[in-house]
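Asks: Sharing a structure, written as structure tokens. Questions coming.
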Amino acid sequence: MRRATGLERLVPDPDASASPVTVLCVDGDESGLADIEAALGDDEFTPVTGTSAAALCHVGEVDCVVSGDELGDVTATEFLDDLRERDPEVPFLLHANDPAPALTEAVLDDERTDFLSRDAPAADALLRRRIRGMVEPRRATRALQRLLVGVQAARDGIAVAGPDGDFRFVNRVYATRLGYHPDELVGRPWRDAYADDAVEHIESAALPSIESGWRWTGRCAERRRGGETTPTRTCIVGLDDGSLVFTAYGADDGGE
56 MRRATGLERL
66 VPDPDASASP
76 VTVLCVDGDE
86 SGLADIEAAL
96 GDDEFTPVTG
106 TSAAALCHVG
116 EVDCVVSGDE
126 LGDVTATEFL
136 DDLRERDPEV
146 PFLLHANDPA
156 PALTEAVLDD
166 ERTDFLSRDA
176 PAADALLRRR
186 IRGMVEPRRA
196 TRALQRLLVG
206 VQAARDGIAV
216 AGPDGDFRFV
226 NRVYATRLGY
236 HPDELVGRPW
246 RDAYADDAVE
256 HIESAALPSI
266 ESGWRWTGRC
276 AERRRGGETT
286 PTRTCIVGLD
296 DGSLVFTAYG
306 ADDGGE
């Protein structure tokens with residue numbers, strides 16, 4: 056059985072984006088609140104409901120906030136301001152018929168917010184689609200952030216070269232092995248990181264296998280800043296866009 060690379064061990068589960076979306080639904084109009092809850096009441100969504108701004112105490116537990124414009128204790132504009140103080144990034148959708156112009160302007164000026172009229176054709180389906188459209192990019196961004204943090208913390212050296220052959224990302228371990236800071240390697244060709252004979256071997260043996268959909272694992276000589284070379288067990292994986300992921304295993308990892 057092949058061993059997963061350092062990068063693979065850190066990649067988020069692709070099914071994570073399909074997990075239920077938790078939505079904080081707030082509306083002073085209980086019938087309107089019931090309509091929103093009914094529209095989201097299935098396995099794809101988990102609604103958390105409230106009738107006033109006090110419900111914002113749950114904002115740290117949800118993926119998205121949906122609100123009407125009748126909130127009783129505060130105006131909808133004040134509600135949005137309070138929300139942004141608590142969480143500047145959580146998606147917010149205003150679900151109302153005729154919101155005040157100032158509120159509409161505040162919503163449209165914020166790329167993290169959206170507006171949907173309750174009277175829109177197929178409003179329930181649109182509501183679900185809008186929420187998904189707001190939540191999924193945020194989930195993807197968070198997953199990428201977690202991935203990058205994990206890659207930086209990995210004990211293996213990991214680098215990603217773009218389709219043009221230049222490094223796009225280098226973690227600290229990979230750069231330190233070669234005597235560089237990560238920023239010094241980003242933008243340089245991956246070939247600069249290997250001895251000439253190692254480059255020839257990668258080009259003749261590894262890349263054809265990768266282009267056929269396989270990964271390649273073997274020993275190749277890394278080239279350090281001073282010119283000296285060190286044989287290192289390396290795994291190279293190709294991505295769909297033609298990028299290459301290099302994993303240089305730690306010195307204590309000598310097995311195949």
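Residue numbering for the sequence shown follows the working numbering, starting at 56 and increasing by one per position.
Using N, Cα and C, we set each Cβ at its ideal position, and we do this for glycine too.
Quantities reported herein were computed from a predicted structural model and do not represent experimental measurements.
Could you tell me if residue 122 is buried or exposed, where buried requires 16 or more neighbouring beta carbons within 10 angstroms of its beta carbon?
Replies: Residue 122 should be labelled buried.
Asks: Could you check what DSSP says for residue 303 in three-state terms: helix, strand or coil?
Replies: Correct three-state label for residue 303: strand.
Asks: Can you tell me whether residue 236 is helix, strand or coil according to DSSP?
Replies: Three-state result, residue 236: coil.
Asks: Compute the Euclidean distance between the alpha carbons of residue 236 and residue 179, then round it to the nearest angstrom.
Replies: Cα to Cα, residue 236 sits roughly 52 Å from residue 179.
Asks: Is it right to say residue 117 is buried, meaning 16 or more other beta carbons lie within 10 angstroms of its own, or is it exposed?
Replies: Residue 117 should be labelled buried.
Asks: With residue 293 as the anchor, note down where its beta strand (DSSP E) starts and where it stops.
Replies: Note, residue 293: beta strand (DSSP E), 284 to 293.
Asks: Where do the ends of the beta strand (DSSP E) carrying residue 375 lie?
Replies: Not covered by the structure: residue 375. The range shown for the chain is 56 to 311.
Asks: Measure the alpha-carbon distance for residue 64 versus residue 297 and round it to whole angstroms.
Replies: Its pLDDT being 42, under 50, residue 64 is placed unreliably in this model, and the coordinates cannot settle the point.
Asks: How many Å lie between residue 289 and residue 152 at the Cα?
Replies: About 59 Å.
Asks: What residues are listed by DSSP as bridge partners for residue 249?
Replies: Answer is 277, bridged to residue 249.
Asks: Given that a residue counts as buried once 16 or more other Cβ atoms are within 10 Å of its Cβ, and exposed if not, what is residue 201?
Replies: So residue 201 counts as exposed.
Asks: Among all the DSSP beta bridges, which residues are the ones paired with residue 150?
Replies: In the DSSP output, where bridge partners are listed per residue, residue 150 has 171.
Asks: My understanding is that residue 249 touches residue 275, with C-beta atoms under 8 Å, so please give their C-beta distance in whole angstroms.
Replies: Going by Cβ atoms, the distance from residue 249 to residue 275 rounds to 6 Å, so yes, they are a contact pair.
Asks: Can you find at least 3 beta carbon pairs, one from the stretch 226 to 240 and one from the stretch 258 to 267, that sit closer than 8 Å?
Replies: No, the stretch 226 to 240 does not touch the stretch 258 to 267.
Asks: Can you check DSSP and say which residues form a bridge with residue 222?
Replies: Note: residue 222 sits in a beta bridge opposite 216.
Asks: Please report the residue range of the alpha helix (DSSP H) in which residue 135 lies.
Replies: From DSSP, the alpha helix (DSSP H) with residue 135 extends over 131 to 141.
Asks: For residue 126 and residue 87, which I take to be in contact (beta-carbon distance under 8 Å), what is that distance rounded to the nearest angstrom?
Replies: With a Cβ gap of about 11 Å, residue 126 and residue 87 do not count as contacting.
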